[in-house]
Structures are given as C-alpha cells and as structure tokens.
C-alpha cells in the first residue's frame, strides 16, 4: 500500500484494516524525528494546514500543530463560533471561504456529528476530523492503537476494556471501531445510563460488572467523565461515580498485573481514575500524547505526499 | 372555480372506459362517469355519449375519488420562501390530490380565526384544491391556553392540533379533548414524549450508534400515544394520531380500537417505504420527526394499513428550502416533501400485493373525508366531481424539475417510481392535466 483510498480522514469507520496498519507503520517510522535535537524535516514545505476548531481544545490542537510544523507545513489556527446559526454563516460558506485561500488540509473539530463529512463534500482540500460531536475522533484511536502495538507487539486477539461515558465519547466510539477492526475484543463498562443504544453495532460487548470487565483485560482505557449532558446528570454524583466506577488500585487488584492503563486526557484525578493508577508504571498515558504527534504527522504525510 | 373558460368548457364531461375504484359504493370495475356542472351526475357500467358531450377515453386507467391529504404543511403565512398555499396546492394537484388539510405551524400560527380566514381566502384564489385549515389546540402552540375552538370552527377550521409541539401537559390535553366535545371537533395528535426525545435527531438504534447521532427511542412515540388514547377513552373525544411510525404504536392503536375507543390513525409513505438506513452518510433528506425506523416497524406499518388499524395515508408534506437541509445533520430541519410521491409509493404497496387498489383509495380518499367530515372521498351521484385519473403503470424518475413544490427536500429524487396521476379534476375543472387529455 502506498496511498490511502480517500484524501479525507473522517473516521475509523471509513478506514480499512490495511489502511490503519499502514498509518501505524508510517507513524512509527516518523516517531524518531520527535527525539532528534532538531525536530523538523522538510517534506511538507510550502503546504498549508488550517486548524479549524469550532470547539475548545488544547492538546489535540497543539498536537496537530506540532505535527504539521515538524514536517515544515505552514499552519494557521482558527477558533470559530460553535453554531453556524449564532455566527450567521453556514458551515458550507465557511468551508468555501477557507477553500478560496487554497489550503491543502483542513483539520477540523466541531460539536456536531457528521460536520467534517459535510465539509469534505464541499471542499477540494483534504479534511481531517479532529473530533465531531459524539461521533468520532479517529486520530485519538490511531494513537491509542500505536501505543498498544508498541507495548504488546500486535493488536490481534488482545482484550480491551473501555470504562466511562461510552455513549457520549467520540474517543470510545473510534476506539471500539479501531480495536475491533484490528482484531481485538472490546468490552465496554460503566453506568448503564452512559451506554450507547446498540453497542454491538460498533462491535463492542457490554459488561456492567467492572471487576469482570477488567479481570482479563490486556488494556484498560478510562474515559474522562462529564457529569452534565444536555442539562441532565446521567450519574447521581461525582463521588458516587468515583466509588462505583472510578479505577482505583483496589479495583485493579483483580486485573492482570501487566495490563496497560490508558486515558485520552485530561484526567479528572480522583474521579474516573485514582492518582496512584494514573502515575503507576502500568500507565502509558504520556506515551499516548507523544504518539499523538507521530500519528498526526503520518496522516498529514500520507494525505499530502 | 366558476366563471372561468375551463368550467364552461367542462360543463359536461363523460369519463369513459376507465376502471372505477370507489369503495364507498363497493365499485371496482370498468365503467363510465358523467360529470355535469361540476357534480357527478351519473355513474354506471356504460353511459351512452353524444357528440355534444366531451368524452374522455380512459381504458387501462384508474378513476378514483380525488385524493385527500389530511396532513400537509403549506408554510403560508410566514415561510413563503418554502411553499405558498398556491404552490402547495399545485404540488397536491400534480400528486392527484383534490383536498389538503394544512397544519397550523405557520408564522403566525393558525391560532386565531383571522389566520384561518386568510388561509381559506388564499386557497380560494388559487382554486387548485380544497384546503382545510387545522387550527392549534393552544395559543401559538404554547401548550397552556386553549384556542377559541368555537370561533375557529366558525371561520372554517377543520380540526385541532399543536402539531410538532405536542401538548406536553396532560391536564391541558384533557381540557382540549373535553372542550372538543362541545363541537364534536377532531383532535389530531403528533404524539411524542418530549423529555424522552429531546436532543434526538434520528431513530435510536444501530444506525444512530454507528453515526454518533443522538437517537429518539420508539417509546417516546408509544408512551405519548398511550397517554392520548387513555385521555380519549376518559373524555370520549375524537382523537386522530398523526404519522404513526413504530410497530409498538400500531399494536397500541389496534388494541384501543378493539376496545371501542374513538381513535383513528395515519401513517406517511416514507414510513412504509424507507428505514433508518436512509440516514447513512448524514443524509438530511432522510431527517424527519418521527424519524424513519427499522424494517420491523416498516413491515408492521404495512400490516396496520392492511388490517385497518391505520386508517389513512397522509404525506406530512413538509417543504424546507436548501438553507434548512444543506447543513449539519443536527441543525437540519425535520421533514420532507410528499405530495408528489405519495401515490407512486402507495401504488408500490399495491404492486407488492400488500394492499388492494380499493384499500389504497380507502386510505387516501374515503377515510380521510369521513374522519375530517368533509365532502369528497366518493363518486356517488350528487358528489362534487373531485376525481383523480391514475395511470398505475407509467414509470418515471422523480426529479426536482418535475416537482411543483417550491421546495426540493425529497429523499426520492432520482428514484424510479411507477404510476401517477395523469388528470386531477376539482369540481369538474382540471387542476392537473399535463398532457392536455381533457377535450
């Protein structure tokens, strides 16, 4: 394989197993650039990447910007009002205006599911989805795959458990699709109020008992918990969540001693994850962040070169 | 409708040799109809023509009472950029409809007799269909204060509905049903439990999970239908359930009818033609409320049409401009146009053997006339000559260019459809005659 089928990265849903492996291989080969004293190589010189964020983001945006800069692309960041109604300009008009300035890639985050797909239909530039609503966050899933592959050698046949608000997490959504595509068995757990309507549609199995969900897992992914969803509390309190669903050393006692602990960040320490767990030697949370830059470099180079 | 050249020309008209399908008279056979002064004068196996009576030969065509759509949105007053009463009636006539009942969610809403009179006046000017305004149950659909039913009925309102903003407060709904008894008025309910559906943009299930879109569970409809039926039973009011979309709803209505409760129901062609799969790719043309459901529901809807649980096929014709549809799925407006695709989609059910031709006429003409209590729905002598002539076999591809509606939000564009109206007569006058077959 030398090219991805589509110039857009809208989601894991539209990537094949081979394409995902190809992206991971590319990311691995680019990663050592990040460890050099001079962390910049020229392949994307003269290319322009627009970071169009309709939703606040710190690490994803920084990670994408760094990835582009490491490859010598010019980058511009735009923070836009979330709703086209508020802004008085439709998303398609925004797309056409940006398009008129001839960027090569539009990295886009938007609070509504499917917005990057809409954008992709209306621009000639490549669109990378940096998170859309409760739908997908493909680059996060790719960096999770990369991190697990580095540690375990292969994804095929491993057991992955994801704990938290599965229904409203684009990370969970992309992770389930990505890990199952690569041959892993994915189990989801957490409060039943936070499960998607049909988890099986994504390929996940549900296990509401946290102990049973993690006892034979090779990888445990803990999601950031948000108490409020559209004005409704899906859980009684943060305190109760921490007690019943938070990953503590005590709960981990039933898990395999070598299981990997992951979190997409930012962590609510003491709520979904105890500080000792986040800082334990099983935690690969900061490696995920490093790999994020490598994966995003891989996406940009595969799209543009 | 009177005094125009065409009405004089068509003072008398003989429709000869078509297959007359009129369940109100138990007719489903070849026969002739004589129209005189806008009224059906005579209907028989064979009526002798004379040289002075213009005669239309309709061998192989179906001749049915004018279709009646009891659920459309004509958008006027207020959203004339989407549709006007005139363009909506043009689309209706092209779809074979001679009468339309229009929902009150206009701007201003049809909460006062002045708006009702305005709609009737505009419809009279257009003279393309009988238009029956549905008024709101509560003032500006606020869910609190009842509208003046007596005054609205006096002005010409045909029924009451808060449409897409259903009356959430059960006490207010009870009041509305009780008050409707004074006038024997019909209450039409868009039954939806709002807290359960809030934020939802498509059916809750496999596809919503895959697309990462918030779902609307089927029970949001079923709970609200159960409540409305319980209130109808308590009060004795005449209740009509709009756009039934789930298997559970069909079951609930079937049981209620079995217990003798005065409830009727409609579904829309998209609920027996499409499923939630149509939303894939964030297709805003497949976004409506209630949302497209699953195959199981689609089949149950067809069964409901077959066994009479569902009385009526109504389109929920909901024109929206490109502004409301070419956008993020969550922001896109609910609804699709339906007037010009209803008949071919219903004919598809006939071709599949799911319903008979008389069933189709019952669902699209006779029953809506009876439920609304309006003329039409029959070809009995003395009735107005509201007649639709159908070519049940003609294939065509539905395109925006073919459409008479001002809006083009149909998921059926590009679809190969079969069968359509080739002539629509309103009181003996052609409102649709694209090939000028009328002598």
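Chains as they are written, first to last, in this note's numbering: chain A, 1 to 305; chain U, 306 to 744. C-beta: ideal position from N, C-alpha, C; glycine also. Given the structure is predicted, the values throughout are model-derived calculations rather than measurements.
When Cβ-Cβ separations below 9 Å define contact, residue 587 of chain U makes contact with chain A. Among the residues of the region 183 to 213 of chain A, those with a Cβ less than 9 Å away from any Cβ of chain U are 196, 197, 198, 199, 200, 201, 202, in the order of the chain.
According to the DSSP secondary-structure assignment, residue 493 of chain U is paired through a beta bridge with U:545. Classified as buried, residue 147 of chain A has 16 or more neighbouring CB atoms from the shown chains inside 10 Å of its CB.
For residue 136 of chain A, the chain U residues whose Cβ falls inside 9 Å of its Cβ are 517, in order along the chain. Between the region 397 to 411 of chain U and the region 674 to 681 of chain U there are three or more inter-stretch CB-CB distances shorter than 8 Å, so the stretches are counted as touching. Chain U has no Cβ within less than 9 Å of the Cβ of residue 8 of chain A. Inter-residue distance for residue 248 of chain A and residue 498 of chain U is about 40 Å (C-alpha atoms, whole angstroms). For residue 141 of chain A, no Cβ of chain U is located within less than 9 Å of the residue's own Cβ. Counting only runs of 4 or more residues that sit fully inside the region 557 to 614 of chain U, the alpha helix (DSSP H) segments are 574 to 578, 600 to 612, in chain order. Check the Cα spacing between residue 263 of chain A and each of A:275, A:302, A:122: the tightest is with A:275. Using beta-carbon distances, residue 514 of chain U counts as an interface residue toward chain A, with a partner under 9 Å.
Listed along the chain, the chain A residues whose CB falls inside 8 Å of the CB of residue 454 of chain U amount to none; the nearest CB is some 35 Å away. The Cβ atoms of residue 360 of chain U and residue 739 of chain U do not sit closer than 9 Å to each other.
Between residue 43 of chain A and residue 301 of chain A, the alpha-carbon positions lie close to 8 Å from each other. Chain U places a beta carbon closer than 9 Å to that of residue 90 of chain A, counting this residue as a contact. Residue 180 of chain A is positioned such that its CB atom lies no closer than 9 Å to that of residue 219 of chain A. According to DSSP, residue pairing for residue 370 of chain U in a beta bridge involves U:692.
For the 9 Å CB-CB criterion, residue 137 of chain A and residue 102 of chain A do not form a contact.
Taking a contact to require three or more Cβ pairs closer than 8 Å, the region 559 to 577 of chain U and the region 538 to 550 of chain U qualify as touching.
Taking C-beta atoms as the reference points, residue 550 of chain U and residue 622 of chain U fail to come closer than 9 Å. At a cut-off of 9 Å between beta carbons, residue 112 of chain A contacts chain U. Around the beta carbon of residue 327 of chain U, 16 or more other beta carbons sit within 10 angstroms, so the residue counts as buried.
The Cβ-Cβ distance between residue 292 of chain A and residue 135 of chain A does not fall below 9 Å. For residue 75 of chain A, DSSP records a beta bridge to A:49. At a cut-off of 9 Å between beta carbons, residue 178 of chain A makes no contact with chain U.
Under the 9 Å criterion on CB atoms, residue 115 of chain A is classed as interfacial with respect to chain U.
Between the alpha carbons of residue 526 of chain U and residue 557 of chain U lies a gap of roughly 11 Å. Any Cβ of chain U closer than 9 Å to the Cβ of residue 132 of chain A would place that residue at the interface, and such an atom is present. Contact annotation for residue 70 of chain A against chain U: no contact, minimum CB-CB distance about 30 Å [criterion: below 9 Å]. Residue 649 of chain U carries a helical assignment under DSSP once its states are collapsed to helix, strand and coil. Annotation: the region 144 to 187 of chain A contains the following complete segments of the alpha helix (DSSP H) (minimum length 4 residues), in chain order: 170 to 181. Residue 415 of chain U counts as buried, since no fewer than 16 other beta carbons sit within 10 angstroms of its beta carbon. The C-beta of residue 66 of chain A comes no closer than 9 Å to any C-beta of chain U. By the C-beta density criterion, residue 452 of chain U is buried, having at least 16 other C-beta atoms within 10 angstroms. For residue 398 of chain U, the enclosing alpha helix (DSSP H) covers residues 390 to 399.
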